[in-house]
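Structure, as structure tokens:
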Amino acid sequence: MKRIKILKPVLVSNQQRAKENRSVFDKMNSLVINIIASPGAGKTSFIKNIVEHFKRRYSILVIEGDIKGQIDSQSISKLGVDVLQINTATECHLDAYMTAQVLPQIKKKHDLILVENVGNLVCPAEFEIGEDYKLAILSTPEGDDKPMKYPLLFHLAKVVVINKLDLLPYLDFNLQDAKRGIKRENPKAIIFEVSAKTGNGFVEIFRHLEKEVNAKKKKNTD
Amino acid sequence: MHEYSVTKALVDLCNKEAEQNNIKRICKIHLKVGKFTGFSPDSIEFYFEHLKSNTKCSSATIVFEEVPIKITCHECGKQNEIDEPILLCPDCGSEKIDLLSGREFFVASIEGEES
Chain A
1 MKRIKILKPV LVSNQQRAKE NRSVFDKMNS LVINIIASPG AGKTSFIKNI
51 VEHFKRRYSI LVIEGDIKGQ IDSQSISKLG VDVLQINTAT ECHLDAYMTA
101 QVLPQIKKKH DLILVENVGN LVCPAEFEIG EDYKLAILST PEGDDKPMKY
151 PLLFHLAKVV VINKLDLLPY LDFNLQDAKR GIKRENPKAI IFEVSAKTGN
201 GFVEIFRHLE KEVNAKKKKN TD
Chain B
1 MHEYSVTKAL VDLCNKEAEQ NNIKRICKIH LKVGKFTGFS PDSIEFYFEH
51 LKSNTKCSSA TIVFEEVPIK ITCHECGKQN EIDEPILLCP DCGSEKIDLL
101 SGREFFVASI EGEES
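Protein sequences, first through last, are from chains A and B. Mapping the first sequence onto UniProt numbering, position 1 (from 1) lands on 1, and the numbers just tick up by one. Mapping the second sequence onto UniProt numbering, position 69 (from 1) lands on 69, and the numbers just tick up by one.
Written as structure tokens, this is what we have:
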């Protein structure tokens with residue numbers, strides 16, 4: 001009997017592929033955001049607000065990850081930006097390999113690439129795709145306890161967006177508790193409070209994104 | 001659900017390592033799983049039983065070694081092991097902490113018969 005030390009992460013090949021994806025994105029100077037949330041949290045509406053605001057200034061690509069269908073990619077392409085669809089079939093998340101498969105379809109440089117991951121608070125957090133950072137969306141109907149119940153995503157997300165604030169009067173959602181929960185998992189989290197339906201709160205997000213897009217460009221020209 | 005692809009990656013990694021190290025049949029896989037990961041040993045075992053057939057892992061078992069969540073505090077300097085991933089210092093309540101362990105998910109070693 002022989003015992004061999006391995007000491008290799010199980011997801012070593014995904015991490016390696018994610019690194020390769022990242023270098024492709026870096027060469028194109030694209031800021032890549034991996035958007036993760038539950039089904040129905042408002043990921044697509046959130047993306048639409050950003051696309052509408054920036055589409056005349058920035059070249060934007062949206063990558064849609066869904067188990068099946070093209071509902072979201074069709075509705076986003078109506079806004080006049082480039083969209084790529086990844087159907088994951090049985091998988092509950094995007095991974096670096098699935099992302100790599102659509103890279104050859106990117107025909108020009110984009111300032112901003114928004115990746116809408118499969119609706120799920122658990123699995124997508126574990127799989128890097130080559131993003132610059134993760135953005136988590138928590139919507140008020142889901143409850144203010146979700147950061148405590150699904151800690152990993154909130155720990156890893158640089159930005160957390162609390163969405164559907166317009167529904168607050170009808171819910172038992174405690175905004176302070178939600179923010180406390182997020183900060184417990186991730187003291188450095190940048191938190192935004194918005195309603196993707198009314199557009200409230202997006203001014204701060206636009207400012208944040210502008211800063212991030214510029215920083216990415218500067219980083220690669222330095 | 002994501003344990004399927006994770007277990008597939010585990011089997012692939014072990015087969016590759018066995019190949020490179022002249023092991024014809026793996027008996028044990030020592031797998032370190034941090035408490036602050038989203039991976040469930042039960043689900044990994046469930047998928048492993050299906051995915052291992054016709055590979056060098058076909059008669060292998062997984063030995064799970066749980067890695068605790070450890071943090072160190074920048075304010076009071078103390079190190080603590082915590083049960084839940086609430087990233088606050090249990091001694092002084094500070095948020096200025098570093099995660100020392102708990103995010104591990106790697107194959108520590110494999111045991112098997114040489115070719």
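Glycine included, C-beta positions come from ideal geometry on N, C-alpha and C.
Straight-line Cα distance separating Asp12 (chain B) from Cys76 (chain B): Translated into the one-based positions of the second sequence, residue 76 (chain B) becomes position 76. Translated into the one-based positions of the second sequence, residue 12 (chain B) becomes position 12. In a straight line, the C-alpha of Cys76 (chain B) is about 44 Å away from that of Asp12 (chain B).
Beta-bridge partners of Gly34 (chain B), as assigned by DSSP: If you number the second sequence from 1, residue 34 (chain B) lands on position 34. Looking at the DSSP output, Gly34 (chain B) sits in a beta bridge with B:Val67.
DSSP bridge partner residues for Ser77 (chain A) (one or two, in chain order): Numbered from 1 along the first sequence, position 77 holds the residue referred to as residue 77 (chain A). Looking at the DSSP output, Ser77 (chain A) bridges to nothing.
Selection of the segment 85-103 of chain A by Cβ proximity to chain B, strictly under 9 Å: Here the close residues are Thr90, Glu91, Cys92, His93 and Asp95.
Buried or exposed (CB count within 10 angstroms, at least 16 for buried), residue 224 (chain A): The structure shown has nothing for residue 224 (chain A), since chain A only spans 1 to 222.
Unbroken stretches of the beta strand (DSSP E), 3 residues or longer, contained in the UniProt domain "CobW/HypB/UreG nucleotide-binding" (32-191) of chain A: Complete beta strand (DSSP E) runs here, min 3: 60-66, 82-87, 112-116, 133-139 and 159-163.
Proximity test, Cβ basis, 8 Å: Asn15 (chain B) and chain A: Here residue 15 (chain B) refers to the residue found at position 15 of the second sequence. The beta carbon of Asn15 (chain B) sits no closer than 8 Å to any beta carbon of chain A.
Distance, Asp72 (chain A) Cα to Phe106 (chain B) Cα: The residue labelled residue 106 (chain B) in the question sits at position 106 within the second sequence. The residue labelled residue 72 (chain A) in the question sits at position 72 within the first sequence. Using only the alpha carbons, I get a separation of about 36 Å.
Ser101 (chain B) - partner residues in DSSP beta bridges: Taking the second sequence and counting its residues from 1, the one referred to as residue 101 (chain B) is at position 101. According to DSSP, Ser101 (chain B) bridges with B:Lys70.
8 Å Cβ cutoff met for Gln14 (chain A) and Ala108 (chain B): One-based indexing of the first sequence puts residue 14 (chain A) at position 14. One-based indexing of the second sequence puts residue 108 (chain B) at position 108. Strictly speaking, residue 14 (chain A) in this sequence is Asn, with Gln absent from that position. Going by beta carbons, Asn14 (chain A) and Ala108 (chain B) fall outside the 8 Å limit.
Neighbour-count burial assignment, Glu204 (chain A), 16 or more Cβ in a 10 Å radius: Residue 204 (chain A) sits at position 204 when you count from the first residue of the first sequence. Residue burial is scored here from C-beta neighbours: Glu204 (chain A) has fewer than 16 other C-beta atoms within 10 angstroms and is therefore classed as exposed.
Own chain residues within Cβ distance below 6 Å of Ala189 (chain A), not counting five before or after: Walking along the first sequence from the start, residue 189 (chain A) turns up at place 189. Closer than 6 Å at the Cβ level, and outside the excluded window around Ala189 (chain A), lie Val160 and Ile182.
Supposed close pair Leu114 (chain A), Val62 (chain A) - CB separation, criterion 8 Å: Residue numbering aside, residue 114 (chain A) sits at position 114 when the first sequence is read from its first letter. Residue numbering aside, residue 62 (chain A) sits at position 62 when the first sequence is read from its first letter. About 5 Å separates the two Cβ atoms, so the contact holds.
Sufficient close CB pairs (3 or more, under 8 Å) joining the segment 88-106 of chain A to the segment 9-24 of chain A: In this structure the segment 88-106 of chain A lies against the segment 9-24 of chain A, because at least three pairs of beta carbons, one per stretch, are closer than 8 Å.
Any chain A beta carbon closer than 8 Å to Asn80 (chain B): The residue labelled residue 80 (chain B) in the question sits at position 80 within the second sequence. Contact of Asn80 (chain B) with chain A is not assigned, every C-beta pair being separated by 8 Å or more.
Gly93 (chain B) versus Asp177 (chain A): straight-line alpha-carbon distance, rounded: Working through the second sequence from its first residue, we reach residue 93 (chain B) at position 93. Working through the first sequence from its first residue, we reach residue 177 (chain A) at position 177. Straight-line Cα distance between these residues: approximately 17 Å.
Whole-angstrom C-beta distance between Lys109 (chain A) and Ser59 (chain A), which should lie under 8 Å: As a first step, residue 59 (chain A) must be located in the first sequence, where it is residue number 59. As a first step, residue 109 (chain A) must be located in the first sequence, where it is residue number 109. In this structure, Ser59 (chain A) and Lys109 (chain A) form a Cβ contact; the two beta carbons are roughly 7 Å apart against a cut-off of 8 Å.
Same chain only: Cβ atoms within 7 Å of Glu142 (chain A), ignoring 5 sequence neighbours per side: Residue 142 (chain A) sits at position 142 when you count from the first residue of the first sequence. So the qualifying residues of the chain are Ser38 and Ala41.
Expected contact under 8 Å - CB spacing of Lys107 (chain A) and Leu79 (chain A) to nearest Å: Counting from one through the first sequence, the residue named residue 107 (chain A) turns up at place 107. Counting from one through the first sequence, the residue named residue 79 (chain A) turns up at place 79. That belief does not hold up - the Cβ atoms of Lys107 (chain A) and Leu79 (chain A) are roughly 18 Å apart, past 8 Å.
Listed by chain order, chain A residues near Phe105 (chain B) by CB distance under 9 Å: Here the question's residue 105 (chain B) lines up with position 105 in the second sequence. Those within 9 Å of Phe105 (chain B) in chain A are Pro9, Val10, Leu11 and Glu126.
Beta-ladder partner(s) of Thr7 (chain B), from DSSP: Residue 7 (chain B) sits at position 7 when you count from the first residue of the second sequence. Per DSSP, Thr7 (chain B) has no beta bridge partner at all.
Closer than 8 Å to chain B by CB, Leu61 (chain A): Your numbering for residue 61 (chain A) matches position 61 in the first sequence. Not closer than 8 Å to any Cβ of chain B, the Cβ of Leu61 (chain A) fails to qualify, so no.
Glu95 (chain B) vs Lys28 (chain B) beta-carbon contact at 8 Å: For the purposes of this step, residue 95 (chain B) is taken as residue 95 along the second sequence, with counting starting at 1. For the purposes of this step, residue 28 (chain B) is taken as residue 28 along the second sequence, with counting starting at 1. Note that the C-beta distance between Glu95 (chain B) and Lys28 (chain B) is not below 8 Å.
Contact set for Val63 (chain B): own chain, Cβ-Cβ below 6 Å, skip 5 residues either direction: On the second sequence, position 63 is the one that residue 63 (chain B) refers to. The residues are Lys28 and His30.
Where residue 117 (chain B) falls, given that 16 or more other Cβ within 10 Å makes a residue buried: Nothing in the structure corresponds to residue 117 (chain B), since chain B is present only between 1 and 115.
Contacts that Ile110 (chain B) makes with chain A (C-beta to C-beta distance below 7 Å): In the second sequence, the residue the question calls residue 110 (chain B) occupies position 110. By Cβ distance, chain A contributes Ile4 and Ile6.
Contact set for Val83 (chain A): own chain, Cβ-Cβ below 7 Å, skip 5 residues either direction: For the purposes of this step, residue 83 (chain A) is taken as the residue at position 83 of the first sequence. Hits under 7 Å: Val62, Glu64, Ser73, Ile76 and Ser77.
Under 8 Å from the C-beta of Asn14 (chain A): neighbouring residues of chain B: Against the first sequence, residue 14 (chain A) aligns to sequence position 14. What Asn14 (chain A) touches in chain B: Ala9.
Cβ shell of Glu104 (chain B) (< 6 Å), same chain only, five flanking positions each side left out: Counting from 1 along the second sequence, the entry for residue 104 (chain B) is found at position 104. For Glu104 (chain B), where only same-chain residues beyond five positions count, the Cβ hits under 6 Å are Lys32, Gly34 and Val67.
Among A:Ile6, A:Phe46, A:Val51 and A:Ile35, nearest to Gly130 (chain A) - alpha-carbon criterion: Position 130 of the first sequence, counting from 1, holds the residue named residue 130 (chain A). The shortest Cα separation from Gly130 (chain A) among A:Ile6, A:Phe46, A:Val51 and A:Ile35 belongs to A:Ile35.
Cβ neighbours of Leu138 (chain A) in the same chain (closer than 6 Å, five flanking residues each side left out): Along the first sequence, read from residue 1 onward, the residue named residue 138 (chain A) stands at position 138. Contacts found: Lys146 and Ile162.
Residues near Pro41 (chain B) in its chain [Cβ-Cβ closer than 7 Å; skip 5 each side]: Position 41 of the second sequence, counted from the start, is the residue given in the question as residue 41 (chain B). Taken in chain order, the residues that qualify are Val33 and Phe64.
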